[in-house]
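Below you'll find the structure, written out as C-alpha cells, and then a few comments.
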Amino acid sequence: MTTTTRPLARRAFLLLGLASASVLLNACSTSVAQEETAAPATPVQVAEVPVRSIADWRDYTGEIEAQQRVDLRPRVAGYIQQVGFSEGALVKKGQLLFQIDPAPFAAQVERLRADLQRVEADQRLAGSRRERAVALLAENAISQEEHDQLAAGAAAAQAGVGSVRAALKAAELDLSYTRITAPIDGRVSRALITEGNLVDSSKVLTTLVSVDPVYVAFDVDESTYLSALDRAGQARVYVGRMNDEGTPHEAKLDFVDNVSREGVIRLRATLDNAAGAFTPGLFARVRLVAGKEFDAALVDDKAIGTDLDKKYVLVVSNANVAEYRGVTLGARLDGLRVVTAGLKAGDVIVVNGLQHVKPGAAVAPTRVAMGGEGEASRKLTRGDAVAPVAESAPTSTGTVRTDSAGPAPASTTPVRKGVRQAAVEAQADVVPLQVAWTASIGTVPRAASSRGEKPFDATANEFGAVP
45 MTTTTRPLAR
55 RAFLLLGLAS
65 ASVLLNACST
75 SVAQEETAAP
85 ATPVQVAEVP
95 VRSIADWRDY
105 TGEIEAQQRV
115 DLRPRVAGYI
125 QQVGFSEGAL
135 VKKGQLLFQI
145 DPAPFAAQVE
155 RLRADLQRVE
165 ADQRLAGSRR
175 ERAVALLAEN
185 AISQEEHDQL
195 AAGAAAAQAG
205 VGSVRAALKA
215 AELDLSYTRI
225 TAPIDGRVSR
235 ALITEGNLVD
245 SSKVLTTLVS
255 VDPVYVAFDV
265 DESTYLSALD
275 RAGQARVYVG
285 RMNDEGTPHE
295 AKLDFVDNVS
305 REGVIRLRAT
315 LDNAAGAFTP
325 GLFARVRLVA
335 GKEFDAALVD
345 DKAIGTDLDK
355 KYVLVVSNAN
365 VAEYRGVTLG
375 ARLDGLRVVT
385 AGLKAGDVIV
395 VNGLQHVKPG
405 AAVAPTRVAM
415 GGEGEASRKL
425 TRGDAVAPVA
435 ESAPTSTGTV
445 RTDSAGPAPA
455 STTPVRKGVR
465 QAAVEAQADV
475 VPLQVAWTAS
485 IGTVPRAASS
495 RGEKPFDATA
505 NEFGAVP
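Numbered per the working numbering, the sequence shown spans residues 45 to 511.
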C-alpha cells in the first residue's frame, strides 16, 4: 500500500506545479498585453502637403552696374577754391561740387565788355561816315574810291563788334565753368583734388555714379538662354543681395548681348533702387525664371528626416499611424523645400516631433499650417519655382553644386571667374559657394532599427520639436 501511494503523491505534486506555472504565465501575458494596449499615442504636429504650379529657374552671380558713370573733370584751369560736398554722399543734379577761383575769369569778362563798348562806338562812327559818303557820291563831291573805303570801314567795324561779342560769350562760359556741378543725380566718390591745388582738364576731380535705377549684369549658359527665348520674352528676373534671404527684388530683362562668348551670353536687367539697397560694383544673386511650369509638393525642412543616405517623411494615415515615406528633394524656395517625388497633394505629414516617432507608431496629431506656406504661396503664384538639383560636384571655379538635402546657408560668397564659361558651368545648376548643411547637421540612423530605437532627426535640434 505504501508503494502505491508514493506515485500518486508525485503525480499530484506535478499537476499542482503545472497548474501554478500556467496561472503565472497567463498573468504575465495579460500584464504585457495591458502595458502594450495602454501605451499612449505620441503627440505630434502635422500639416497637409501643399502642391503649387511652379516653373524652372536658375541661379547666377551677377554684378550691380550703374546706369550712368561720370569722371568729373574741370573745363578750365585754375586753383580749387572750395570742395562743396561730403565724400560718399548722395547729390542732386546741379549741386555745387567744386569751385575754381573765378577772379581771373571775371576780370577777363569785364575787359571784354569794355572792348565791346569800344568797338560798338567805332561801328556807329563808321556807319555814319558811310551814310554821308553815299550822299556825297550822289552829288559827285567824292570819288567812288573814297566811298568804297568808307563802306569797307563800316563793314570792318561791324565784324569787330561780332568778334568781341563772341570772345565775351566764351569768357562768360569760362567763368561759369569755375562752378563745377553734378551733371546727374547719384552718389559721389571721394575728392581726388583738394582745396588750393591747381587743376586743368586732364585732372579727374571725383567720380559720380547714378544709383536709381541700376543694372544687374550676369552671364548665362546657352541652354538657359534658349529656354528663355522659348518663353517668348516672358522670362522673369529676381535679384537679391548676397546677405538677403532669397531673391525678393524683381528686375526687368532689358538687354541680351549680340554674341555668345565661350558658350555663355551676357544678359542685363534693370532694377529699381529707390531705397539704395544695391551699390554699383557689388555682387548680387540673380534668379532667372525661364522654364515650363510644373506641379511640385512643398514641405518644411524640419519635416524631413535623414535615413543614412536617404531622405524621408512620416505620413500620417487616416488611422493616425505614422508611415515611412522616402522622398526626393529639390531646392529650397521661400522657406519651403520642393519635393519632386514621394508625396502627393493631400498627404498629411509630421512637421514637429519627428524624432519622437518611429514608423508604425500611433500618433496624436495636431493640425498646423505648413511652415512658411503663406509666404511661399503668395510668391509662387507669380510663377517662381525651383529647378532640379544636381548631385554635389566641385567645379573648376571654386563653386559646388548643391544637394538640396538640408537647409542652405543664407548667404553666398562670390568668386570672380577667370573663364566666363566656368561661371555658368553645368547648365547653371551651380550656386556659387553654396554648400548644403548635411554634413553640419549629421546623419541619423535608420528610422526603424532591429532594437526598436527611435530615429533621431538632427533638424529637430534646429527647429525644436513637440515633446
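The beta-carbon is built from N, C-alpha and C at its ideal position, and this holds for glycine as well.
Check whether LYS354 and GLY370 have beta carbons under 8 Å apart
On the sequence shown, residue 354 is found 310 positions in, with the first residue counted as 1. On the sequence shown, residue 370 is found 326 positions in, with the first residue counted as 1. Yes.
Per DSSP, what kind of secondary structure is PRO292 in: helix, strand or coil?
Here residue 292 refers to the residue found at position 248 when the sequence shown is read from its first residue. Coil at PRO292, not helix or strand.
Pick from ASN241, THR86, ALA91 that is closest to VAL412, judged by C-alpha positions
As a first step, residue 412 must be located in the sequence shown, where it is residue number 368. The option with the nearest alpha carbon to VAL412 is ALA91.
Residue range of the beta strand (DSSP E) that includes ASP100
For this step, residue 100 is matched to residue 56 along the sequence shown. Segment 95 to 110, the beta strand (DSSP E) holding ASP100.
Relative to the C-alpha of GLU239, which candidate in ILE124, ALA150, VAL357, GLY284 has its C-alpha closest?
Residue mapping note: residue 239 aligns to position 195 of the sequence shown, counting from 1. Among ILE124, ALA150, VAL357, GLY284, the Cα nearest to that of GLU239 is on ILE124.
Per DSSP, what kind of secondary structure is VAL248 in: helix, strand or coil?
Here residue 248 is taken as the residue at index 204 of the sequence shown, counted from 1. It is coil, neither helix nor strand.
Does the stretch 343 to 361 come within contact of the stretch 310 to 324, defined as at least 3 CB pairs closer than 8 Å?
no
Within the same chain, show all residues whose beta-carbon is closer than 6 Å to that of VAL395, passing over the 5 residues directly before and after it, in chain order.
Looking up residue 395 in the sequence shown gives position 351. Here the set comprises GLN89, ALA91, ASP344, ALA347.
Cα separation between ALA133 and SER233?
The sequence position of residue 133 within the sequence shown is 89, counting from 1. The sequence position of residue 233 within the sequence shown is 189, counting from 1. If you take the alpha carbons of ALA133 and SER233, they lie about 8 Å apart.
N- and C-terminal bounds of the beta strand (DSSP E) containing ARG381:
In the sequence shown, residue 381 corresponds to position 337, counting from 1. That run of the beta strand (DSSP E) goes 380 to 385.
Taking the straight line between their C-alpha atoms, what separation do you get for GLY415 and ALA261?
Here residue 415 corresponds to residue number 371 of the sequence shown, with the count starting at 1. Here residue 261 corresponds to residue number 217 of the sequence shown, with the count starting at 1. Taking the straight line from one Cα to the other gives about 34 Å.
Close beta carbons around ALA321, own chain, < 7 Å, minus the five adjacent residues each side:
Reading the sequence shown from its first residue, position 277 is the one you call residue 321. The residues are ARG285.
Going by DSSP, what residue range makes up the alpha helix (DSSP H) through PRO148?
Within the sequence shown, residue 148 is the residue found at index 104, counting from 1. Element bounds for PRO148: 147 to 182.
Count the other CB atoms within 10 Å of the CB of ALA295; is the residue buried (16 or more) or exposed (fewer)?
What you label residue 295 is simply residue 251 of the sequence shown in a count that begins at 1. ALA295 should be labelled buried.
Given this structure, state the Cα-to-Cα distance separating ILE237 from ASP100, to the nearest angstrom.
Position 193 of the sequence shown, counted from the start, is the residue given in the question as residue 237. Position 56 of the sequence shown, counted from the start, is the residue given in the question as residue 100. About 51 Å.
Through-space distance from ARG376 to PRO453, alpha-carbon basis
Taking the first residue of the sequence shown as 1, we reach residue 453 at position 409. Taking the first residue of the sequence shown as 1, we reach residue 376 at position 332. Its pLDDT being 37, under 50, PRO453 is placed unreliably by the model, and nothing is read from it.
Among VAL120, SER97, ARG155, PRO87, whose alpha-carbon lies nearest the alpha-carbon of GLU580?
Here the chain covers residues 45 to 511 and nothing more, so residue 580 does not appear.
Rounded to whole angstroms, what's the CA-CA distance from LEU169 to ALA198? Just pull it up for me.
In the sequence shown, the residue the question calls residue 169 occupies position 125. In the sequence shown, the residue the question calls residue 198 occupies position 154. Near 8 Å, if we compare the C-alpha coordinates of ALA198 and LEU169.
Inside the stretch 284 to 371 only - beta strand (DSSP E) runs reaching at least 3 residues:
293 to 300, 308 to 315, 327 to 343, 349 to 351, 354 to 360
Name the DSSP bridge partner or partners of TYR282?
On the sequence shown, position 238 is the one that residue 282 refers to. GLU294, ARG331.
Output the distance between the C-alpha atoms of ALA201 and LEU194, rounded to the nearest integer angstrom.
Reading the sequence shown from its first residue, position 157 is the one you call residue 201. Reading the sequence shown from its first residue, position 150 is the one you call residue 194. So the alpha carbons of these two residues sit roughly 11 Å apart.
In angstroms, rounded to a whole number, what distance separates the CA positions of VAL407 and HIS400?
As a first step, residue 407 must be located in the sequence shown, where it is residue number 363. As a first step, residue 400 must be located in the sequence shown, where it is residue number 356. VAL407 and HIS400: Cα-Cα distance of roughly 10 Å.
Going by the C-beta, is GLU266 closer than 7 Å to any heavy atom of the ligand NAD?
What this structure holds is no ligand at all, so the ligand NAD is not there to describe.
Could you check the C-alpha separation between PRO403 and SER304 for me, to the nearest Å?
For the purposes of this step, residue 403 is taken as the residue at position 359 of the sequence shown. For the purposes of this step, residue 304 is taken as the residue at position 260 of the sequence shown. Looking at the two C-alpha atoms, the distance is approximately 53 Å.
By Cβ distance, which residues of its chain are closer than 7 Å to ARG209, with the 5 residues on each side in sequence left out?
Along the sequence shown, one-based indexing puts residue 209 at 165. Cβ within range, chain order: LEU160.
Using the three-state DSSP reduction, which class does LEU37 fall into: helix, strand or coil?
Here the chain comprises residues numbered 45 to 511, so residue 37 is not present and cannot be evaluated.
Alpha carbon of VAL300 to alpha carbon of LEU315, nearest angstrom:
Mapped onto the sequence shown, residue 300 falls at position 256. Mapped onto the sequence shown, residue 315 falls at position 271. Spanning the two alpha carbons is a distance of roughly 15 Å.
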